[in-house]
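Novice:
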Amino acid sequence: MRKDVIKSLIAIKQSEIPFDVIERDVKLPINRKKIITVPGVRRCGKSTLMEIAINNLIREGVPSKNILWLGFDDERLKNMSFEELDNVITSYMEMFPDIPIKDVHMFFDEIQLIKDWEYFVLRVYKSYCKNIYVCGSNATMLSTELNSALRGYPLEYETYPLSFNEYCRFKGIVTDSYLEQDRARLKVTFEAYNQASAFPEIALTSFKSEQLKLLHGYFDTMILKDLSEHYKISNTGVVRYFVKRIMANLTKPTSINAIYKDIKSQGLKVSKDDLYLWADYICNIFMFIRISKYDRSLIKEQKSLDKYYCIDNGMRGAVLMPQSNDNGKNLENTVFMQLNRMRLPTDKITYYQGNCECDFVLQREDSVIQLIQVTWDMVDESTREREVKGLLEAATVTGCEDLIIITKDTEDIFVRDGREIRVIPAWKWLLQNNEK
Numbered sequence: 017m018r019k020d021v022i023k024s025l026i027a028i029k030q031s032e033i034p035f036d037v038i039e040r041d042v043k044l045p046i047n048r049k050k051i052i053t054v055p056g057v058r059r060c061g062k063s064t065l066m067e068i069a070i071n072n073l074i075r076e077g078v079p080s081k082n083i084l085w086l087g088f089d090d091e092r093l094k095n096m097s098f099e100e101l102d103n104v105i106t107s108y109m110e111m112f113p114d115i116p117i118k119d120v121h122m123f124f125d126e127i128q129l130i131k132d133w134e135y136f137v138l139r140v141y142k143s144y145c146k147n148i149y150v151c152g153s154n155a156t157m158l159s160t161e162l163n164s165a166l167r168g169y170p171l172e173y174e175t176y177p178l179s180f181n182e183y184c185r186f187k188g189i190v191t192d193s194y195l196e197q198d199r200a201r202l203k204v205t206f207e208a209y210n211q212a213s214a215f216p217e218i219a220l221t222s223f224k225s226e227q228l229k230l231l232h233g234y235f236d237t238m239i240l241k242d243l244s245e246h247y248k249i250s251n252t253g254v255v256r257y258f259v260k261r262i263m264a265n266l267t268k269p270t271s272i273n274a275i276y277k278d279i280k281s282q283g284l285k286v287s288k289d290d291l292y293l294w295a296d297y298i299c300n301i302f303m304f305i306r307i308s309k310y311d312r313s314l315i316k317e318q319k320s321l322d323k324y325y326c327i328d329n330g331m332r333g334a335v336l337m338p339q340s341n342d343n344g345k346n347l348e349n350t351v352f353m354q355l356n357r358m359r360l361p362t363d364k365i366t367y368y369q370g371n372c373e374c375d376f377v378l379q380r381e382d383s384v385i386q387l388i389q390v391t392w393d394m395v396d397e398s399t400r401e402r403e404v405k406g407l408l409e410a411a412t413v414t415g416c417e418d419l420i421i422i423t424k425d426t427e428d429i430f431v432r433d434g435r436e437i438r439v440i441p442a443w444k445w446l447l448q449n450n451e452k
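Under this note's numbering, think of the first position of the sequence shown as 17, with each following residue one higher.
1) Find the nearest neighbour of M111 within the set V395, A27, L419 and V259, judged by alpha-carbon distance.
2) Give me the Cα-Cα distance between I262 and T64, rounded to the nearest whole angstrom.
3) Determine whether the beta carbon atoms of I307 and D328 lie at a separation below 8 Å.
4) Would you list the residues sitting across from F304 in a DSSP beta bridge?
5) I'd like to confirm the pairing. Which residues does DSSP put opposite W443 in its beta bridges?
6) Roughly how many whole angstroms lie between the Cα atoms of E39 and I127?
7) Between E301 and Y325, is the Cβ-Cβ spacing less than 8 Å?
8) Extract the residue ranges of the alpha helix (DSSP H) inside the stretch 119-188, only unbroken runs of 4 or more that lie entirely within it.
9) Ignore the nearest five residues each way along the sequence and tell me which others in P338's own chain have a CB closer than 8 Å to its CB.
10) Taking one C-beta from the stretch 284-301 and one from the stretch 228-246 each time, how about it: are there three or more such pairs within less than 8 Å?
11) Are M238 and M303 close, meaning C-beta to C-beta below 8 Å?
12) Just grab the DSSP bridge partners of K364 for me.
13) Smallest Cα separation from N72: which of N47, C60 and L93?
14) Are the stretch 177-196 and the stretch 205-219 touching by the rule of at least three beta carbon pairs closer than 8 Å?
15) With a CB to CB cut of under 8 Å and the five nearest residues on each side skipped, what residues in its chain are close to I218?
16) Check for me: the beta strand (DSSP E) holding I117 runs from which residue to which?
17) Would you mind sorting T391 into buried or exposed? The rule is 16 or more other CB atoms within 10 Å of its CB.
18) Go ahead and label L195 buried or exposed: buried means 16 or more other beta carbons lie within 10 angstroms of its beta carbon, across all protein chains shown.
19) Taking 8 Å as the threshold (C-beta atoms), are D396 and R380 in contact?
20) Would you call V57 buried or exposed, if buried means 16 or more other Cβ atoms sit within 10 Å of its Cβ?
21) Report the CB separation of A214 from L178 in whole angstroms; it is logged as a contact under 8 Å.
22) If contacts are defined as beta-carbon pairs under 8 Å, then I52 and Y149 qualify, I think. What distance do you get, rounded to the angstrom?
23) Pop quiz: Q389 and I365 are said to be a contact at Cβ under 8 Å. What is the actual Cβ separation, rounded to whole angstroms?
24) Can you list, in chain order, the residues of its chain whose CB lies under 6 Å from that of D428, leaving out five sequence neighbours each side?
25) On the criterion of 16 or more Cβ atoms from any shown chain inside 10 Å, does I130 qualify as buried, or is it exposed?
26) Straight-line CA distance for E291 to N82?
27) Over what stretch of residues does the beta strand (DSSP E) that includes L314 continue unbroken?
28) Which class does R199 belong to by DSSP, given the choice of helix, strand or coil?
29) Where does the unbroken alpha helix (DSSP H) through F430 begin, and where does it stop?
30) Could you tell me the distance, in whole angstroms, from the CA atom of D289 to the CA atom of Y169?
31) Can you tell me where the alpha helix (DSSP H) holding I46 begins and where it ends?
32) Please work out which residues of its chain come closer than 7 Å, Cβ to Cβ, to K345, disregarding the five sequence neighbours upstream and downstream, and give them in chain order.
33) Are D125 and C151 close, meaning C-beta to C-beta below 8 Å?
34) State the Cα-Cα distance for the pair N103 and D90, rounded to the nearest angstrom.
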């Protein structure tokens, strides 16, 4: 009976090839003879990346019958045991006895729903097939846990909500035109992107009310499933409040101890150690990404307060409701998310804080390669001076000469204290910095 279900699911997916999907900037490799893992926040398009990879395989001449896709979230596979996973291979071999299993490309979606699935994937990789793709939306599919489970075999491709370039593609906005009307549309689209959600499903949803319902659903699932259920946290009310406090403090150094005192003052029961663990967990599930303060001393850096950036401006806005100063915070979050997308394995992103502040310090190996300030505009002279002073102080401390200020729409180059400072509109910077 189980084999019949598996065969049916494999056949249905093959019948859908090629998939009708919108291209993403990140491409999964094909024919790499590796276990390709796709970690990332829920609903960011991990399954779609695998479908795009299949379309690319078809273009390369791979027959659709050589594609084995199985989604384990089908209710008919509920309660499937680890021992039964071998039915996946035998079912496929019964369907296509003339196709060598080594020539098959296997795609396993939501396989984390089967306990001890990783042993099955490892056995298949070692004994049968070298082209395996794995993704899922549960916290067990996180990069750290995947590497541990699969013992260093995976080639990992982290996935995020849409970049600005992808958002424009989803909205049908031309990004490479020099026509004034197209540039005007780009600027309007950027302002929408800066406050909207970049989750693919939300970008394709027209009605605001439906968008908000979906975003609240995403948030609740992350709280209840990825945090509370996976990490066995029973105090979901306090977890929810804690996450909202981190969201509200976006772009600022965040004191977990201060949040602890606030929670205790309300008579809620939670330990400080729990909050520090929760801070790790919310980053583990990709809801937030944190950066530390720049310091030449690793010890001092580790003792500094971290900044937390949210995976999606739209989800944060839906949960907290829009605030009057959100444009600037959203822009800094937008810039950080793009920096994180483009980060190489040897790169590190920190913030600088001395007498003045600089939003982002980009390090590559042992060198600081760029300093970035982010501000919505510099109409106010005091704002302009604050941003410039922060850059210059950080430049003096780090020795970096590549200084940038990113704003909503200002473009300029000027020299201050012998250092050149470039001011770049955010929409242009996002499109120029779209490939590693």
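Every residue gets a Cβ at the ideal spot worked out from N, C-alpha and C, and that includes glycine.
Specialist: This is what the structure holds:
1) Counted from its first residue, the sequence shown places residue 111 at position 95. Taking only the C-alpha atoms, the option nearest M111 is A27.
2) By 1-based counting over the sequence shown, the position of residue 262 is 246. By 1-based counting over the sequence shown, the position of residue 64 is 48. Separation of I262 and T64 (C-alpha to C-alpha, rounded to the nearest whole angstrom) is 30 Å.
3) Translated into positions along the sequence shown, residue 307 becomes position 291. Translated into positions along the sequence shown, residue 328 becomes position 312. No.
4) The residue labelled residue 304 in the question sits at position 288 within the sequence shown. Among the bridge pairs identified by DSSP, F304 is matched with C326.
5) As a working note, residue 443 is residue 427 in the sequence shown. Partner(s): none; W443 has no beta bridge.
6) One-based indexing of the sequence shown puts residue 39 at position 23. One-based indexing of the sequence shown puts residue 127 at position 111. CA-to-CA, the gap between E39 and I127 works out to about 24 Å.
7) Stepping through the sequence shown from its first residue, residue 301 is reached at position 285. Stepping through the sequence shown from its first residue, residue 325 is reached at position 309. For the sequence presented, residue 301 should be read as Ile rather than Glu. No.
8) Within the stretch 119-188, the runs of alpha helix (DSSP H) at least 4 residues long that lie entirely inside it are, in chain order, 133-143, 159-165 and 180-187.
9) Translated into positions along the sequence shown, residue 338 becomes position 322. Exclusion of the five residues before and after P338 leaves Q211 as the residues of its chain whose Cβ lies within less than 8 Å of its Cβ.
10) The stretch 284-301 is in contact with the stretch 228-246.
11) The count along the sequence shown starts at 1 and reaches residue 238 at position 222. The count along the sequence shown starts at 1 and reaches residue 303 at position 287. In this structure, M303 lies closer than 8 Å to M238 by Cβ.
12) Indexing the sequence shown from 1 puts residue 364 at position 348. As computed with DSSP, K364 is found in a beta bridge with Q379.
13) Translated into positions along the sequence shown, residue 72 becomes position 56. Of the candidates N47, C60 and L93, the residue whose Cα lies closest to the Cα of N72 is N47.
14) Output reads yes: the stretch 205-219 touches the stretch 177-196.
15) Your numbering for residue 218 matches position 202 in the sequence shown. Taking I218 as the centre and dropping the five residues before and after it, the same chain places the C-beta of A212, Q227, L230, L231 and G330 closer than 8 Å to its C-beta, in chain order.
16) To locate residue 117, count along the sequence shown from 1; it is residue 101. Counting along the chain, I117 sits inside no beta strand (DSSP E), nor does DSSP assign it H or E at all.
17) Start at 1 with the first residue of the sequence shown, and residue 391 comes out as number 375. The Cβ neighbour count for T391, taken over all protein chains shown within 10 Å, is at least 16; the residue is labelled buried.
18) Numbered from its first residue, the sequence shown carries residue 195 at position 179. L195 comes out exposed.
19) Translated into the one-based positions of the sequence shown, residue 380 becomes position 364. Translated into the one-based positions of the sequence shown, residue 396 becomes position 380. D396 sits away from R380, with the two beta carbons spaced by 8 Å or more.
20) Counting from one through the sequence shown, the residue named residue 57 turns up at place 41. Under this definition V57 is a buried residue.
21) Reading the sequence shown from its first residue, position 198 is the one you call residue 214. Reading the sequence shown from its first residue, position 162 is the one you call residue 178. Contact holds; Cβ gap of about 4 Å.
22) Position 36 of the sequence shown, counted from the start, is the residue given in the question as residue 52. Position 133 of the sequence shown, counted from the start, is the residue given in the question as residue 149. About 5 Å separates the CB atoms of I52 and Y149; that is less than 8 Å, so the two are in contact.
23) Walking along the sequence shown from the start, residue 389 turns up at place 373. Walking along the sequence shown from the start, residue 365 turns up at place 349. Not quite, the Cβ-Cβ distance comes to about 14 Å (not below 8 Å), so this is no contact.
24) Counted from its first residue, the sequence shown places residue 428 at position 412. Here the set comprises V439.
25) The sequence position of residue 130 within the sequence shown is 114, counting from 1. For I130, the number of other beta carbons within 10 angstroms of its own is at least 16, and it is reported as buried.
26) Here residue 291 refers to the residue found at position 275 when the sequence shown is read from its first residue. Here residue 82 refers to the residue found at position 66 when the sequence shown is read from its first residue. Inspection of the sequence shows that residue 291 is occupied by Leu rather than by Glu. Between the alpha carbons of L291 and N82 lies a distance of about 48 Å.
27) Locating residue 314 in the sequence shown gives position 298, counting from the first residue. For L314, there is no enclosing beta strand (DSSP E); the residue is part of the alpha helix (DSSP H) that begins and ends at L314 to K319.
28) Taking the first residue of the sequence shown as position 1, residue 199 is located at position 183. Here R199 sits in helix by DSSP.
29) Here the question's residue 430 lines up with position 414 in the sequence shown. In the DSSP assignment, F430 falls outside any alpha helix (DSSP H) and lies within the beta strand (DSSP E) extending over D428 to R432.
30) Here residue 289 is taken as the residue at index 273 of the sequence shown, counted from 1. Here residue 169 is taken as the residue at index 153 of the sequence shown, counted from 1. Each residue's Cα considered, the two are about 33 Å apart.
31) Numbered from 1 along the sequence shown, position 30 holds the residue referred to as residue 46. I46 -> no alpha helix (DSSP H), and no H or E assigned at all.
32) In the sequence shown, counting from the first residue as 1, residue 345 sits at position 329. The beta carbon of K345 sits closer than 7 Å to those of L266 and T267, all from its chain and outside the five residues before and after it, given in chain order.
33) On the sequence shown, residue 125 is found 109 positions in, with the first residue counted as 1. On the sequence shown, residue 151 is found 135 positions in, with the first residue counted as 1. Closer than 8 Å, so yes.
34) What you label residue 103 is simply residue 87 of the sequence shown in a count that begins at 1. What you label residue 90 is simply residue 74 of the sequence shown in a count that begins at 1. Going from the Cα of N103 to the Cα of D90 covers about 15 Å.
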